Amino acid sequence: MIEIKDVSKNFGPLKVLDKINLQVDRGEIISIIGPSGAGKSTLLRSVIQLESIDDGIVEIEGLRIACRKDRDDDEPIDKTTVREGLAKMGMVFQGFNLFPHMTVLENVMIAQTIVKDRSQKEAQEKAKAILNKVGLTDKENSYPSQISGGQKQRVAIARALAMDPDIMLFDEPTSALDPELIGEVLGVIKALAQERMTMMIVTHEMNFAREISDRILFMEDGRIVESGPPDKIFVNPEHPRIRTFLDKILS
Amino acid sequence: MEKLFSITLYILKGSGVTLGLYAITAVFSMPLGLMCALGKISKNKVLSKAVSLYTWVFRGTPLLLQLFFTYYGLPVLGIRWSGPFAPAALTFILNYAAYLTEIFRAGIQSIDKGQYEAAKVLGMNYSQTMRKIIIPQTVKRILPPLGNEAITLVKDTALVAVIALAEILRNAKEIVTREFIITPFFIAAAIYLVLTSVIVLTFNRMEEKYSYYE
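Sequence lines, in order, name chains S and V.
Letter 80 of the first sequence, counting from 1, is numbered 80 in the working numbering, and no numbers are missing.
Letter 22 of the second sequence, counting from 1, is numbered 1022 in the working numbering, and no numbers are missing.
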């Protein structure tokens, strides 16, 4: 589903991603944990091309969407392929990034109408159905500034889902929320997990990650230090660094 | 009383030129300013530099000088004008578009980059992102500086008096010189105040209209 081969990225002299290799299967749920500055968000952003990579290959369902610019060993990157590949993914940000000048309903409709060419009616029906699913039917005519952080994030998830993605990327979806609002957002993500949506989630919510993930990646200094099933990583990690990290976070 | 009335009427005749120049400048300088703003922030270095050169010249020299240059200077270089209105309009459009370029640019660049990222992961291209997401939000932010320009433009139209366009101030001055009275100045001032008040009110309305979000 997602194929990441030898992906590296530098910010100046700093290696934010250092030869990352990762395959994500259909329906697999992966949580990425690790200290800040480990490259977790950068990895996610590289998968969806918000960051360009300096080396390596990213493929989504066999569609090559990124590779080193001067590669000459195989086929060059094709714009249509990139667009197709990117369209298979939806992303949710830490800061929501809702469109403030549009109502909740319009936020969920806009890309459907202008990117997917759906009619207003079709887009509206779809938007309403998804908003109902995330429990926000009563907020569809509100503006983002009029709703809570948890509601905003649920709208952001609905907005991404309206584009029928095969893969959802979550970049610290609850980090900007008040503690009492975290649950409602995690609840929506859990519901997606039950539908076996393929997901990559960068999170600091350890209990949540342990509960829903098929695999946990621990990252530090731009590398995947260890990856494995949640019970292994949380209970019996091979790497001592993970133990200290978890002790610090969970205490 | 009757005389006052006829004076006012004469001065008001000049408002046709004033309003005409105002309208034509507003209508053309806004799209031009927006296009130049997009050019200035584009990755194309040549385009961006060209726009910078343009705003540097037009914001850095007096409007009056630009007016003289278009009206008296360009004919020397072989461009003939049939009257003073066209060169006045051209100068005003280019001058105001230069200021609007900077206002639009600042407005566009003040939008959080998360908005571009959200649009991008939803599959929107550059033009869709600009038209549907960025520019609508920009409008709200630039209304206050835009209002300033709109008021300044009313007063700047008085400059065309120097190239013999019979606008409000020129008509007033004509009566002052001919009849040795200063009432026409007061009448002209009152007309300008009415015009600028209408603009201030219009912008207040627009700001209210856009206050529906954040």
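Positions of the beta carbon are idealized from the N, C-alpha and C atoms, including for glycine.
Quantities reported herein were computed from a predicted structural model and do not represent experimental measurements.
Query	Result
Quick one: give me the first and last residue of the alpha helix (DSSP H) that R1131/V is part of.	Segment: none, R1131/V is in no alpha helix (DSSP H) and carries neither H nor E.
Who are the near neighbours of Y1096/V in its chain, counting only those whose CB is closer than 7 Å to its CB and skipping five residues on each side?	T1025, S1029, E1149 and L1153
Check A160/S in the structure and name its three-state DSSP category.	helix
Determine the direct distance from the alpha carbon of K152/S to that of A38/S, and round the result to whole angstroms.	27 Å
Count the other CB atoms within 10 Å of the CB of Y1022/V; is the residue buried (16 or more) or exposed (fewer)?	buried
Considering only the beta carbon of each residue, do N97/S and Q1128/V sit closer than 9 Å?	no
Along the chain, where does the alpha helix (DSSP H) containing M1/S start, and where does it finish?	No alpha helix (DSSP H) holds M1/S; DSSP gives it neither H nor E.
Do A1172/V and V1017/V come within 9 Å of each other at the CB atom, strictly closer than that value?	no
Express the C-alpha separation of A1050/V and K248/S in angstroms, rounding to a whole number.	55 Å
Using three-state DSSP, classify G270/S as helix, strand or coil.	Residue 270/S lies beyond the range of chain S shown here (1 to 251); nothing can be said about it.
Checking contacts by CB at 9 Å: is N97/S closer than that to chain V?	yes
I'd like the ranges of any alpha helix (DSSP H) spanning at least 4 consecutive residues and lying wholly in the stretch 1073-1148 of chain V.	1085-1109 and 1113-1121
Here's the rule: buried if 16 or more other CB atoms are within 10 angstroms of the residue's CB, otherwise exposed. What is R196/S?	exposed
Please classify G90/S as buried or exposed, where buried requires at least 16 neighbouring CB atoms within 10 angstroms.	buried
State the Cα-Cα distance for the pair L131/S and V155/S, rounded to the nearest angstrom.	7 Å
Tell whether a beta-carbon distance below 9 Å holds between K5/S and D221/S.	no
With a cut-off of 9 Å, does the C-beta of F170/S fall near any C-beta of chain V?	no
List the DSSP bridge partners of G90/S.	M168/S
Could you say which of R1105/V, V1027/V, T1091/V and L1077/V lies nearest to S1048/V if we only look at CA atoms?	R1105/V
Please list, in chain order, the residues of the stretch 92-119 of chain S that have any C-beta partner in chain B closer than 7 Å.	Among the protein chains in the structure shown, which are S and V, there is no chain B.
Is there a Cβ of chain S sitting closer than 9 Å to that of I1103/V, yes or no?	no
Please return the same chain residues whose Cβ sits closer than 8 Å to the Cβ of I242/S, not counting the five positions on each side in sequence.	F218, V225, E226 and I233
Under the DSSP definition of a beta bridge, which residues are partnered with F11/S?	L14/S
Could one say the Cβ of E1208/V lies closer than 9 Å to chain S's Cβ atoms, at least one of them?	no
Are the stretch 1109-1125 of chain V and the stretch 1078-1088 of chain V touching, with three or more C-beta to C-beta distances below 8 Å?	no
Taking just the CA atoms, how far does A111/S sit from L123/S?	The question names Leu, but residue 123/S is Ala in the sequence shown. A123/S and A111/S: Cα-Cα distance of roughly 9 Å.
Got a sec? Which residues, its chain only, sit under 8 Å from T81/S by beta carbon, not counting five neighbours each side?	L63, R64 and I65
Report all residues from its chain with a CB closer than 7 Å to the CB of A160/S; omit the five preceding and five following residues, and keep chain order.	G90, M91, V92 and M168
Helix, strand or coil: how does DSSP classify E84/S here?	helix
Hey, does M163/S have any beta-carbon neighbour from chain V nearer than 9 Å?	yes
Quick one: what does DSSP say L63/S is sitting in, helix, strand or coil?	strand
In chain V, which residues lie less than 7 Å from P145/S when you measure between Cβ atoms?	Before going on, a small fix: residue 145/S reads as Ser here, not Pro. Result: Y1213 and E1214.
Using a Cβ-based criterion (distance less than 8 Å to any ligand heavy atom), does F1186/V qualify as near the ligand FMN?	Only the bare structure without any ligand can be found here, which leaves the ligand FMN out of the picture.
Using only CA atoms, which one of V115/S, L86/S and S8/S lies nearest to N21/S?	S8/S
According to DSSP, what are the bridge partners of R215/S?	I30/S
Using a Cβ cut-off of 9 Å (strictly closer), state whether R83/S contacts chain V.	yes
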